[in-house]
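Numbering (this note's numbering), first residue to last: 1 to 128. Ideal Cβ positions, reconstructed from N, Cα and C, are used throughout, including at glycine. This report refers to the structure that appears directly beneath it.
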């Protein structure tokens, strides 16, 4: 599910109103060539909630995006699962509006030996 990464010291009078926040801050977005799914989900979220944003496209990864948000100059829509990787100066807001959710799946070739993959699968299966 998408969530909004926002500087921890954002003006509290913005409350949790995403459009007011997007009026106050620009929206960092990873480029759609490297991250086409996240770009599409971001667009879908904005469109389904009739929101506008001043976008700043960023080259890099989600960690880079979070570091930029921590600088306090803009916000970013990211997967909620990134919550465990948030820098100290970043807060995550969960939307009350129409949200975007997606399922993920894993596919692997069991004929290729890979200890890391096998350990990961074992961990996931024990947490079911």
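Open item on the list: Strictly by DSSP, which residues pair up with residue 88?
Closed with: Counted from its first residue, the chain shown places residue 88 at position 88. None; residue 88 has no bridge partner.
- [ ] Identify the continuous beta strand (DSSP E) that holds residue 26 and give its terminal residues.
- [x] On the chain shown, position 26 is the one that residue 26 refers to. Taken as a continuous stretch (DSSP letters only), the beta strand (DSSP E) holding residue 26 covers 26-30.
Open item on the list: Just to confirm the assignment, what range does the beta strand (DSSP E) spanning residue 6 have?
Closed with: Taking the chain shown and counting its residues from 1, the one referred to as residue 6 is at position 6. It spans 2-7 - the beta strand (DSSP E) in which residue 6 sits, taken as one unbroken run.
TODO: Would you identify the three-state DSSP class for residue 76, choosing helix, strand or coil?
DONE: Along the chain shown, one-based indexing puts residue 76 at 76. Of the three classes helix, strand and coil, the one that applies to residue 76 here is strand, per DSSP.
Task: Anticipated Cβ contact below 8 Å, residue 90 with residue 20, distance rounded - done: In the chain shown, residue 90 corresponds to position 90, counting from 1. In the chain shown, residue 20 corresponds to position 20, counting from 1. Incorrect: roughly 19 Å between the Cβ atoms, too far for contact.
TODO: Assign residue 59 to one of three DSSP states: helix, strand, or coil.
DONE: For the purposes of this step, residue 59 is taken as residue 59 along the chain shown, with counting starting at 1. Residue 59 falls in the coil class under three-state DSSP.
Open item on the list: Let's test the definition: count the other Cβ atoms within 10 Å of the Cβ of residue 116 and tell me whether it reaches 16, buried, or not, exposed.
Closed with: As a working note, residue 116 is residue 116 in the chain shown. Classification of residue 116: exposed, given that the 10 Å Cβ count is below 16.
Open item on the list: Below 8 Å, how does it come out for the segment 117-125 and the segment 41-49: are there three or more Cβ pairs, yes or no?
Closed with: Cβ pair count under 8 Å is below three, so no.
Open item on the list: I need the straight-line Cα distance from residue 110 to residue 121, nearest angstrom please.
Closed with: Sequence index remark: in the chain shown, residue 110 carries index 110 (1-based). Sequence index remark: in the chain shown, residue 121 carries index 121 (1-based). Rounded to the nearest angstrom, the two C-alpha atoms are 11 Å apart.
Open item on the list: Between the alpha carbons of residue 84 and residue 92, how many angstroms are there, rounded?
Closed with: Here residue 84 refers to the residue found at position 84 when the chain shown is read from its first residue. Here residue 92 refers to the residue found at position 92 when the chain shown is read from its first residue. Just so you know, the alpha carbons of residue 84 and residue 92 end up roughly 10 Å apart.
Open item on the list: Going by the DSSP bridge assignment, what does residue 93 pair with across the sheet?
Closed with: By 1-based counting over the chain shown, the position of residue 93 is 93. 4, per the DSSP bridge assignment.
Open item on the list: Please classify residue 50 as buried or exposed, where buried requires at least 16 other C-beta atoms within 10 Å of its C-beta.
Closed with: Working through the chain shown from its first residue, we reach residue 50 at position 50. The residue in question, residue 50, is exposed, as its Cβ has fewer than 16 Cβ neighbours within 10 Å.
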